[in-house]
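Here the structure is laid out as structure tokens; the discussion comes afterwards.
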Amino acid sequence: MPDSLKVIGSTGGIYGTPTTDLNSVLAVMQTAMKNGNGGDAPENDIEAILYGIAQCPNCSNLIHIADNQATPRDMVLLPNVNKPVKVITCQLNSTPVNPALLTIAAQTGGSLHTLEQDIINLSSIPVNGTIVIGGYTYQRTTNGYIRIR
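Here my numbering is used: the first residue of the sequence shown is 4, the next is one more, and so on.
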């Protein structure tokens, strides 16, 4: 779909599977990766999270495997997420964590996970408070997190 036609909240291209079988999950992930590349870098992370909640309203664990290099275009939908989200960052390498991913974890009462760290207290950091992740410093603001160093 051309970028100009993408509407926040109904972009599509979201994959899910109602199973706890790891092989089924991995197969869906492979399909999503093969069919990915929607033509632009921003992704619809929150739309995907809301899709997951709609598919499994009784699930208590939401795991968001996020591309650290792609900033979510649909952060405006974040207040609609009513469950904690565990954000796992991918493609981090030696780059800073995308502040939007910190914001998703913090504003949902969730957590952020890298290969080196598990950060579970993001929502308890006060406004103007800071946290160091992977050698980079982030500050909490009233709207989420920003990288300051």
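Every residue gets a Cβ at the ideal spot worked out from N, C-alpha and C, and that includes glycine.
Check, Outcome
"CA nearest to the CA of glutamine 120, picked from Gly137, Tyr141 and Leu104", "Gly137"
"Environment of proline 129 [buried if 16+ CB atoms lie within 10 Å]", "exposed"
"Continuous beta strand (DSSP E) stretch holding tyrosine 18: start and end", "That residue, tyrosine 18, is in no beta strand (DSSP E); it is neither H nor E in DSSP."
"Three or more C-beta pairs below 8 Å linking the segment 80-90 and the segment 17-27", "no"
"Cβ-based burial, leucine 95 [other Cβ within 10 Å; buried from 16]", "buried"
"Option nearest isoleucine 122 by Cα separation, candidates Ala108, Gly132 and Asn131", "Ala108"
"Delimiting residues of the beta strand (DSSP E) encompassing leucine 115", "114-116"
"Among Pro99, Met32 and Val135, nearest to histidine 67 - alpha-carbon criterion", "Met32"
"DSSP-derived helix/strand/coil call for valine 135", "strand"
"Lysine 37, DSSP secondary structure in three states", "helix"
"Member of Glu46, Asp70, Pro45 and Lys89 whose CA lies at the smallest distance from the CA of serine 63", "Lys89"
"For glycine 55 and tyrosine 141, the rounded distance between their alpha carbons", "28 Å"
"Local Cβ density within 10 Å of glycine 113, reported as buried at 16 or more and exposed below that", "buried"
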